[in-house]
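**Q**
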Amino acid sequence: MPVGLILAGGRSSRMGRDKAMLRVGGERLLERQARVLREAGVSEVVLSLGSAAGAPSGGEDPTPAGGPTDPAAGAAIPPGLPIVRDAAPDAGPLAGIVAGLEWAAPRPLLVLAVDMPRVEPEFLRRLLREARDPGARDPAAPDIIPGVAPRVRGSDGVERWEPLCAVYPPEALPEARRRLALDDPGERSPTALLDALHAAGLIRACPVTAAEAASLQSWNTPSDLPESDG
Numbered sequence: 039m040p041v042g043l044i045l046a047g048g049r050s051s052r053m054g055r056d057k058a059m060l061r062v063g064g065e066r067l068l069e070r071q072a073r074v075l076r077e078a079g080v081s082e083v084v085l086s087l088g089s090a091a092g093a094p095s096g097g098e099d100p101t102p103a104g105g106p107t108d109p110a111a112g113a114a115i116p117p118g119l120p121i122v123r124d125a126a127p128d129a130g131p132l133a134g135i136v137a138g139l140e141w142a143a144p145r146p147l148l149v150l151a152v153d154m155p156r157v158e159p160e161f162l163r164r165l166l167r168e169a170r171d172p173g174a175r176d177p178a179a180p181d182i183i184p185g186v187a188p189r190v191r192g193s194d195g196v197e198r199w200e201p202l203c204a205v206y207p208p209e210a211l212p213e214a215r216r217r218l219a220l221d222d223p224g225e226r227s228p229t230a231l232l233d234a235l236h237a238a239g240l241i242r243a244c245p246v247t248a249a250e251a252a253s254l255q256s257w258n259t260p261s262d263l264p265e266s267d268g
C-alpha cells in the first residue's frame with residue numbers, strides 16, 4: 039500500500055505565516071491533508087518538514103534535527119504523525135520528496151502539498167487507481183509499476199506537470215537523489231525529476247478536468263485565502 043506524504047517544509051514567506059496552520063472549513067490545513075490522504079486509502083501518513091526545524095510537540099520525529107519550533111504550531115500537529123526531515127537544507131520540495139521516498143521504500147509515495155486545500159480524496163483515489171493499472175506496465179519491465187502525475191494546462195495553453203500531488207514509484211529514488219545533488223536549481227526541481235522519470239517510463243501523465251485542475255491550485259499569499267478562513 040502506498041504511503042502518503044504531506045509536504046510542509048516550505049518557509050511560507052509569501053504567506054507571512056505557517057500555511058500548515060491555516061484553516062479551511064474550521065480545519066487546519068495540516069489536519070485536513072492528513073485526513074484526505076487517509077480517506078484516499080494510503081497505508082500511513084507522514085509529514086515532511088524542513089531540515090532545520092525541530093520536532094513539533096505531538097508528532098513523532100524519526101530523524102530529529104535542529105532546534106525547537108513554535109510551540110503554538112507544534113501543538114497543532116496531530117499526535118502519532120511521523121515526521122521526516124528534508125534530505126538537504128534549503129533545497130526546495132525535491133528534498134522532501136527524497137526524504138519521503140526513503141521513508142516509504144519499497145512502497146509507492148503519494149505526495150500532497152499542505153497548501154492545496156481543494157484536493158479531495160476521490161481525486162487522490164483516482165491517481166492511486168491509475169498507478170495500479172496493470173496495463174500501464176512496460177512489458178520489458180513487468181515488475182515496475184509506474185507512478186502517476188497530473189498534467190495541467192496553464193493560462194498560456196501549455197501543459198505542465200503538477201509534481202506536488204502525484205504518485206511516485208519507489209524506483210524514482212535513485213534519480214531523485216541524483217538530482218538533489220545537482221547545483222542547477224532548474225535540474226533540481228520536482229518538475230525536472232518528473233520529466234526524467236517520464237522519459238524512463240517510471241511516471242505516466244494523468245490528464246485532468248478543468249475542475250480537477252482548479253482543485254490543484256495552492257494558497258501562496260494572503261490574497262488566496264477565502265474571507266471566512268485563514
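With the sequence shown counted from 1, adding 38 to any position gets you my numbering.
In this text, a Cβ means the ideal position worked out from N, Cα and C, and glycines have one as well.
DSSP three-state label for glycine 337, please.
**A** The chain is shown only over 39 to 268; residue 337 falls outside these bounds and no answer can be derived.
**Q** Nearest-angstrom Cα distance between tryptophan 199 and arginine 189?
**A** 5 angstroms
**Q** In whole angstroms, what is the alpha-carbon distance linking aspartate 171 and valine 246?
**A** 17 angstroms
**Q** Alpha helix (DSSP H) containing valine 136: first to last residue?
**A** 131 to 142
**Q** Following the continuous beta strand (DSSP E) through glutamate 82, name the residue where it begins and the one where it ends.
**A** 82 to 87
**Q** With 16 other CB atoms within 10 Å as the buried threshold, where does methionine 39 fall?
**A** exposed
**Q** What three-state label does DSSP hand alanine 238 in the structure shown?
**A** coil
**Q** What first and last residue would you give for the beta strand (DSSP E) that runs through alanine 251?
**A** Note, alanine 251: premise wrong, no beta strand (DSSP E); alpha helix (DSSP H) at 248 to 253.
**Q** Within 10 angstroms of the Cβ of arginine 217, are there 16 or more other Cβ atoms? Answer buried if so, exposed if not.
**A** So arginine 217 counts as buried.
**Q** State yes or no: is the C-beta of alanine 143 within less than 7 angstroms of the C-beta of proline 208?
**A** The answer is yes: Cβ separation under 7 angstroms.
**Q** To the nearest whole angstrom, what separates the beta carbons of leucine 147 and glycine 138, a pair I think is in contact under 8 angstroms?
**A** Contact holds; Cβ gap of about 5 angstroms.
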